[in-house]
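Trainee: Going by my numbering, the first residue of the sequence shown is number 1252, and it counts up by one from there.
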Amino acid sequence: MSNRQTLAHALPSWSALKAHQEQLRPRHLRDLFATDPGRVAAMSLEVEGIYADYSKHRATPETLRLLVALANESGLRQRIDAMFRGERINVTEDRAVLHTALRAPRGSVVQVGGVNVVPGVHEVLDRMAAFAERVRSGAWKGHTGKAIRAVVNIGIGGSDLGPVMAYEALRHYSRRDLVFRFVSNVDGTDFSEAVLDLDPEETLFIVSSKTFTTLETMANARSARAWSLARLKAEKAVARHFVAVSTNAEEVAKFGIDTSNMFGFWDWVGGRYSMDSAIGLSTMLAVGPERFREMLDGFHAMDEHFRTAPFERNLPVLMGLLGLWYVDFFGAETAAVLPYDQYLKRFPAYLQQLTMESNGKRVSLDGQELPYPTGAIYWGEPGTNGQHSFYQLLHQGTRLVPCDFIAFLKPLNSLGRHHDLLLANVFAQSEALAFGKTPEELRAAGVPEPLVPHRTFDGNRPSTTLVLERLTPRALGALVALYEHIVFTQGTVWGLNSFDQWGVELGKVLASRIIPELEGGPEAGHDASTAGLIRRAVASKGLA
Ligand code: F6P
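(1) Under 8 Å Cβ to Cβ from M1252, same chain only, skipping five residues before and after it: list those, please.
(2) Please state whether DSSP places R1346 in a helix, a strand or coil.
(3) For the beta strand (DSSP E) containing G1655, list its first residue and its last residue.
(4) So T1465 packs on I1508, CB below 8 Å; how close in whole Å?
(5) Unbroken beta strand (DSSP E) runs of length 3 or more, entirely within the stretch 1513–1561: which are they?
(6) I need the DSSP call for Q1647, collapsed to helix, strand or coil.
(7) Could you tell me the alpha carbon to alpha carbon distance between K1596 and Y1577, rounded to whole angstroms?
(8) Quick check for students: name the residue ranges of the alpha helix (DSSP H) that lie wholly in the stretch 1288–1342, counting only runs of 4 or more.
(9) Residues in its own chain within less than 6 Å of A1782 by CB, not counting five upstream and five downstream?
(10) In the DSSP assignment, what are the bridge partners of P1590?
(11) Go through its chain and collect everything with a Cβ distance to H1670's Cβ below 7 Å, but skip five positions before and after it.
(12) Evaluate T1743 with the Cβ neighbour count: other Cβ atoms within 10 Å of its Cβ, from every protein chain shown; 16 or more gives buried, anything less gives exposed.
(13) Please go through the same chain and pick out, in chain order, the residues whose beta-carbon is closer than 6 Å to the beta-carbon of F1442, but skip the five residues on each side of it.
(14) Is T1454 helix, strand or coil when you go by DSSP?
(15) Can you tell me which of the three DSSP states L1280 falls into?
(16) Is any heavy atom of the ligand F6P found at a distance shorter than 8 Å from the C-beta of G1522?
(17) Whole angstroms is fine: what's the gap from D1527's alpha carbon to P1356's?
(18) So if DSSP puts V1363 in a beta bridge, which residue, or which two residues, is it bridged to?
(19) With respect to the alpha helix (DSSP H) encompassing F1598, which residues constitute its N-terminal and C-terminal limits?
(20) Flag this pair as touching only if the stretch 1492–1511 and the stretch 1446–1455 have three or more C-beta atom pairs under 8 Å; answer yes or no.
(21) Give the straight-line distance between the Cα atoms of S1533 and V1520, rounded to the nearest whole angstrom.
(22) Nearest-angstrom Cα distance between N1748 and E1384?
(23) On the DSSP letters alone, give me the boundaries of the alpha helix (DSSP H) that N1676 sits inside.
(24) Should Y1623 and H1394 be called a contact, given that it needs their Cβ atoms to be closer than 9 Å?
(25) Does DSSP classify R1432 as helix, strand or coil?
(26) Taking contact to mean at least 3 C-beta pairs separated by less than 8 Å, is the stretch 1599–1613 in contact with the stretch 1409–1422?
(27) Would G1197 be called buried (16 or more neighbouring beta carbons within 10 Å of its own) or exposed?
(28) Determine which residues share a DSSP beta bridge with S1497 and list them.
(29) If A1537 and S1425 are in contact, beta carbons under 8 Å, what's the gap, nearest whole angstrom?
(30) Verify the contact flag: Q1604, CB atom, against every heavy atom of the ligand F6P, threshold strictly below 8 Å.
(31) Run the CB neighbour count on S1511, radius 10 Å, all protein chains shown included, and call it buried at 16 or more, exposed below.
(32) Could you tell me whether any non-hydrogen atom of the ligand F6P is closer than 8 Å to the CB of T1689?
(33) Could you pull out every residue in the same chain whose Cβ sits closer than 6 Å to the Cβ of D1750, ignoring the five residues on either side in sequence?
(34) May I ask which residues mark the beginning and end of the beta strand (DSSP E) holding W1800?
(35) With a threshold of 8 Å, are at least 3 pairs of Cβ atoms found where one atom belongs to the stretch 1323–1338 and the other to the stretch 1280–1292?
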């Protein structure tokens, strides 16, 4: 029994935080700001080009002190060191967790099982760069001698969300004479629509799959091959129009892709932590090797901050702890991510996999049921669109939704007053959430009494505002690494494994039993509801 992992709620600082929360709960942000003129200075930080203002949280410097104590008592320092040292901290899959090695500078040393992995990382980056240059310059020719004009990434989950997000985020820097498409869904519509206006002679497919066994990706890859060969007519055309990104050379070869056209990575890179590995090949094709390397530099700078900064001044640690504060002490179930930049439109979707596949867990590392809530539901949309949609609930609903606002001081597309209007909106939203509007203020402004309750904004709704200079590849890298390490901080305090994803398995297994039934096979035995649904689908195909 004595070897059982100590869970967070049994730590001294957890009880201290509970008592502290009871004292703090009735206090309003208006009051916290009025009584502490040094609040913004004490509760803001500038790290690697990201200015973070977390003063609009229902927290005080004392809260942060207690949260940092919780991180210390949870062994966060030791866990960070263990991750960066390449220890096998993904215990349920017996793997190291080393996405940080993907952005380690050339010449640095990161050992896994006594082997320095950094030279291998750079060898793949160099091969990717050489390939990207050939495609971008037109030197790489398709089967009929034409240059590549369209790149289609086929992948799902971490093999899709990172590439799409990064492509959209860095579109400003991308080659406009190349078309990029991303196919993920097994719904045939996704592939059909993606290639509708493309020419097979000028199209390159990147089949991105860590395992190279994922049902959706393999189905789309097979359809892509059929689509290409229907026009190109020769099996050897596959070598000019298909490349693979995978850890599984054997399956890549079985599929018919020449393994010299394969870009590898390693089992110590989790799918949702892989956008800076070879999985980022589409990103590199879009923005070029130099910009890709700038992005890696941004990742690395944030890694170094996370690894070395004291927790009191460590942005991922503080943001991770503040997120956990609401989940475990205020009962918040969700967290909103609200980028005020159209190029970051897929950032919330990317973060959903990163955060929820990582920390959506109900047992500890040693398998104990966790007696407290873990991973929040992440969601969001780019501002200002969300303001005209769901912000009503954020401002006046009954739920507490901590928000992360992300803004850039300089626009990438300067257009009249647009950027001032955008920035005014993001600043106004966090102000309105925090300070609200009181009934007294409304009455003083002459609002009729029956409308006063409807027009009152309670305020006291927490948010962090992240302000960056400009959306560059480096800024994107730093931002993504920030969230990766927020996830790690939270997973560590919760005592769970942020790096496995057993929760996606059961549905996959059950689907593989149902597929033959939909294709005319015998019934496999299901509950009455599922059996009824399958029968209905079979009948509609005329098979029953
Ligand atoms: O959804 C489960 C998952 O394993 C993710 O973790 C992963 O990103 C995705 O499937 C795709 O996996 P692969 O890259 O092996 O095709």
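C-beta atoms are modelled at their ideal positions from N, C-alpha and C, and glycine is treated no differently.
Mentor: Reading from the atomic positions:
(1) Translated into the one-based positions of the sequence shown, residue 1252 becomes position 1. Only weak support exists for where M1252 lies, its pLDDT of 48 falling under 50; the coordinates are left without a value.
(2) Translated into positions along the sequence shown, residue 1346 becomes position 95. DSSP places R1346 in strand when its eight states are reduced to three.
(3) Your numbering for residue 1655 matches position 404 in the sequence shown. Note on identity: in this sequence residue 1655 is Asp, with Gly being the wrong assignment. Where D1655 is concerned, the enclosing beta strand (DSSP E) stretches over C1654 to F1659.
(4) The sequence position of residue 1465 within the sequence shown is 214, counting from 1. The sequence position of residue 1508 within the sequence shown is 257, counting from 1. At roughly 15 Å, the Cβ-Cβ gap does not stay under 8 Å, so T1465 and I1508 are not in contact.
(5) 1513–1515
(6) Position 396 of the sequence shown, counted from the first residue, corresponds to residue 1647. In this structure, Q1647 counts as helix in the three-state DSSP scheme.
(7) One-based indexing of the sequence shown puts residue 1596 at position 345. One-based indexing of the sequence shown puts residue 1577 at position 326. Their Cα atoms are separated by approximately 25 Å.
(8) 1290–1293, 1312–1324 and 1327–1335
(9) In the sequence shown, residue 1782 corresponds to position 531, counting from 1. Cβ neighbours of A1782 beyond the five flanking positions: none.
(10) For the purposes of this step, residue 1590 is identified with residue 339 of the sequence shown, where counting begins at 1. I1657, per the DSSP bridge assignment.
(11) As a position in the sequence shown, residue 1670 is number 419, starting the count at 1. Only P1662 meet the Cβ criterion.
(12) In the sequence shown, counting from the first residue as 1, residue 1743 sits at position 492. The residue in question, T1743, is buried, as its Cβ has 16 or more Cβ neighbours within 10 Å.
(13) For the purposes of this step, residue 1442 is taken as the residue at position 191 of the sequence shown. Closer than 6 Å at Cβ, skipping near neighbours: V1434, N1471 and S1474.
(14) On the sequence shown, residue 1454 is found 203 positions in, with the first residue counted as 1. Of the three classes helix, strand and coil, the one that applies to T1454 here is strand, per DSSP.
(15) Indexing the sequence shown from 1 puts residue 1280 at position 29. Helix, per DSSP.
(16) Along the sequence shown, one-based indexing puts residue 1522 at 271. At least one heavy atom of the ligand F6P is nearer than 8 Å to the Cβ of G1522, so yes.
(17) Along the sequence shown, read from residue 1 onward, the residue named residue 1527 stands at position 276. Along the sequence shown, read from residue 1 onward, the residue named residue 1356 stands at position 105. C-alpha separation (whole angstroms): 13 Å.
(18) Against the sequence shown, residue 1363 aligns to sequence position 112. Beta-bridge pairing links V1363 to V1366.
(19) Sequence index remark: in the sequence shown, residue 1598 carries index 347 (1-based). Element bounds for F1598: F1598 to Q1603.
(20) yes
(21) Within the sequence shown, the letter at position 282 stands for residue 1533. Within the sequence shown, the letter at position 269 stands for residue 1520. Distance between the alpha carbons of S1533 and V1520 is about 18 Å.
(22) Along the sequence shown, read from residue 1 onward, the residue named residue 1748 stands at position 497. Along the sequence shown, read from residue 1 onward, the residue named residue 1384 stands at position 133. Using only the alpha carbons, I get a separation of about 39 Å.
(23) As a working mapping, residue 1676 is identified with position 425 in the sequence shown. Here the alpha helix (DSSP H) through N1676 covers H1669 to F1686.
(24) Within the sequence shown, the letter at position 372 stands for residue 1623. Within the sequence shown, the letter at position 143 stands for residue 1394. In this structure, H1394 does not lie closer than 9 Å to Y1623 by Cβ.
(25) Within the sequence shown, the letter at position 181 stands for residue 1432. Strand.
(26) yes
(27) Here the chain comprises residues numbered 1252 to 1795, so residue 1197 is not present and cannot be evaluated.
(28) Looking up residue 1497 in the sequence shown gives position 246. Bridge partners of S1497: G1515.
(29) Taking the first residue of the sequence shown as 1, we reach residue 1537 at position 286. Taking the first residue of the sequence shown as 1, we reach residue 1425 at position 174. Yes, they are in contact, since the Cβ atoms of A1537 and S1425 sit about 4 Å apart, within 8 Å.
(30) Position 353 of the sequence shown, counted from the start, is the residue given in the question as residue 1604. Q1604: yes, Cβ under 8 Å from the ligand F6P.
(31) Taking the sequence shown and counting its residues from 1, one reaches residue 1511 at position 260. Exposed is the call here.
(32) Taking the sequence shown and counting its residues from 1, one reaches residue 1689 at position 438. For the ligand F6P, not one heavy atom lies less than 8 Å from the Cβ of T1689.
(33) Within the sequence shown, numbered from 1, the residue matching residue 1750 stands at position 499. First, the residue type needs correcting, since residue 1750 is Phe and not Asp in the sequence shown. So the list reads N1341, V1348 and G1521, once near-sequence residues are dropped.
(34) The question about residue 1800 has no answer here: the residues shown for the chain are numbered 1252 through 1795.
(35) no
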